[in-house]
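One structure below.
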Amino acid sequence: MSATTTDKYPNYSPGLEGVPAGISSISEIDSDRSSLQYRGYDVHDLAEQGSYEETAFLLIHGHLPTAAELADFNRLLGAEREVPEAVYTALAAMPKHTHPMDMIRTAYSILAPFDPDYTAPSTDHAANLRKAERIIAKGGTMVANGHRIRQGLAPLKPNPSHTTAQNLLYLMRGEEPDAKTLQVLDASLTLYAEHGFNASTFACRVTVSTLSDLYSGVVTGIGTLRGPLHGGANEEAIRMILEIGEPENAQAWIDDALATKKKIMGFGHREYKKGDSRAFYMSKVAKELGIEKGVTKYGQIADILEKTMAERKNIFPNVDFPASYAYYLLGLPIDLYTPIFVASRVAGYCAHAIEQLDHNRLIRPKQIYEGQENLAYVPVAER
Ligand SMILES: CC(C)(COP(=O)(O)OP(=O)(O)OC[C@H]1O[C@@H](n2cnc3c(N)ncnc32)[C@H](O)[C@@H]1OP(=O)(O)O)[C@@H](O)C(=O)NCCC(=O)NCCS
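Just so you know, the sequence shown maps onto residues 32 to 414 in the working numbering.
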């Protein structure tokens, strides 16, 4: 913040940095300990020992499922994976150059009126939970089949026994994924599922605070996640790593980038100043994957960038950095990285939208006006 802004407006924080904007019991970011908990559970434990489905249940229902609850939830997600043909027709009508983030944002818009609870009041908690389950179930289907459609391939029918990660990979590729690919993707979905009042989740809460519906909240969230300062960073990060190409180029690349004041995508975070808790686990997974695949160069490039950024800037990687090269090693198309993030984060959006609607107060902050005042109106012919 510039000194002038601070002096002039002592109560104003640009970007709302450090400003509490609501009360929530969904997740807690502890910047000092670099930790993240979803409803009291450490994300590392959920990513390492749990599954994305357990996490999604935890986020929207507020407690970890019992074995029976999880089996029911998996059955329900499986039964809800299919989407109406109209969604595919709309996606097929989009220009071929459409970014898949615009496709998934559009897909959720088309989907909304097909929801059996479409006309339920936005404050109907039980209906919102049912909508949330459908929103979570269908995200991966729409991302993966949207990818098929833009390649000129026909959409595939989801297999109701598939998990979220399996469904995404199977529809995208038309074949069953291997166990390691599933494990890495599932862990990343868990880590991406929720993150407090980040820009897109907050935007989602603002939308539903007008008593708008969950789908509108999700669509707002996706539009906000799209930018490179937020979800889009995972795509930018891998393009940077690929530009570096080999570990022996990495030091010169980062020296030059810092000298020319480039932003290093996948580094830094508004909330974590000592490192992003999710990045620690994702880095471990990404590096193990590289060893298993016999492609360790991205991990080596990452080490050089991370060391230099820490030493010279005291800035650490966020989850998008390791997720980017993990996804690359899994052979996922680069422009699907952020849409895959969406397929996971919709659980967080829905949990927040429901929490907001359960205790709603319209979100409507004040502005500071710096424009002109009291000007005399001059008719257009005299201007
Ligand atoms: C995420 C991000 C927007 C957080 O930003 P913020 O809290 O507003 O912090 P600022 O952008 O004000 O950064 C503070 C300082 O660190 C520097 N900085 C922050 N992130 C940086 C990065 N990725 N590369 C280089 N410098 C960075 C800024 O240039 C600034 O330096 P200055 O004070 O000398 O001007 C920012 O770190 C960023 O743009 N990162 C890259 C995009 C990214 O990975 N986003 C995904 C987030 S999960």
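For every residue, glycine included, the Cβ atom is placed at its ideal position computed from N, Cα and C.
From the DSSP output, in three-state form, read off residue i for me.
| i | result |
| --- | --- |
| I60 | strand |
| D286 | helix |
| D133 | helix |
| F347 | coil |
| F233 | helix |
| F298 | strand |
| A224 | coil |
| T37 | helix |
| E164 | helix |
| Q387 | helix |
| T150 | coil |
| E404 | coil |
| I371 | helix |
| A52 | coil |
| E206 | coil |
| R414 | coil |
| I399 | coil |
| D244 | coil |
| H128 | coil |
| I394 | coil |
| D366 | helix |
| L95 | coil |
| T86 | helix |
| T195 | helix |
| G254 | helix |
| K324 | helix |
| N159 | helix |
| H261 | coil |
| K292 | coil |
Provide the residue(s) that pair with residue i in DSSP beta bridges, ordered along the chain.
| i | result |
| --- | --- |
| L67 | I60 |
| Y72 | Y69 |
Please name the residue in the options whose C-alpha comes closest to that of residue i.
| i | options | result |
| --- | --- | --- |
| Y356 | L101, T154 and K315 | K315 |
| A382 | H75, C235 and L336 | C235 |
| N105 | G53, A412, L199 and A87 | A87 |
| Q282 | S240, D334 and D307 | D334 |
| S219 | P410, S56, E84 and Y43 | E84 |
| I91 | I167, H178 and A98 | I167 |
| M313 | R343, K305 and H75 | H75 |
| I269 | G362, G306 and L67 | G362 |
| G297 | E267, S308 and A317 | E267 |
| Y139 | E404, D63 and L245 | L245 |
| F352 | G254, P186, T120 and M271 | M271 |
| P189 | K305, E225 and G170 | G170 |
| N280 | Y359, N265, K328 and K292 | K328 |
| F145 | R136, V114 and A98 | V114 |
| A78 | R112, A407 and S308 | S308 |
| Y69 | P278, A374 and G93 | G93 |
| G81 | V215, G205 and K127 | V215 |
| K294 | T255, A317 and K344 | K344 |
| R4 | A123, D133, R414 and Q197 | Any question about residue 4 goes unanswered here, given that the chain covers just 32 to 414. |
| R181 | S56, P364 and Q398 | P364 |
| Y358 | N265, Y400, H390 and T221 | N265 |
| A210 | S66, Q197 and T221 | Q197 |
What separation, rounded to the nearest whole angstrom, lies between the Cα atoms of residue i and residue j?
| i | j | result |
| --- | --- | --- |
| V249 | Y380 | 6 Å |
| T37 | P45 | 9 Å |
| D155 | I54 | 20 Å |
| V50 | P41 | 13 Å |
| L200 | G263 | 20 Å |
| S247 | L142 | 11 Å |
| L184 | G177 | 9 Å |
| E319 | L160 | 37 Å |
| M174 | S243 | Strictly speaking, residue 174 in this sequence is Val, with Met absent from that position. For V174 and S243, the distance between alpha carbons rounds to 24 Å. |
| T212 | T195 | 13 Å |
| K338 | D286 | 12 Å |
| I322 | G109 | 33 Å |
| A163 | Y223 | 17 Å |
| E386 | Q331 | 42 Å |
| G299 | A310 | 11 Å |
| A117 | Y303 | 42 Å |
| L95 | L101 | 9 Å |
| R191 | L202 | It is Pro, not Arg, that sits at residue 191 in the sequence shown. Rounded to the nearest angstrom, the two C-alpha atoms are 12 Å apart. |
| H128 | E207 | 28 Å |
| T120 | T137 | 11 Å |
| N405 | S240 | 33 Å |
| V409 | Q403 | 15 Å |
| L388 | Y149 | 16 Å |
| G276 | T251 | 36 Å |
| M340 | K305 | 12 Å |
| V350 | A288 | 21 Å |
Is the CB of residue i under 9 Å away from at least one CB in chain D?
| i | result |
| --- | --- |
| I141 | The structure shown has no chain D; it contains just one protein chain. |
Does ligand 3 have a heavy atom nearer than 8 Å to the CB of residue i?
| i | result |
| --- | --- |
| V350 | This structure does not include ligand 3; its bound ligands are ligand 1. |
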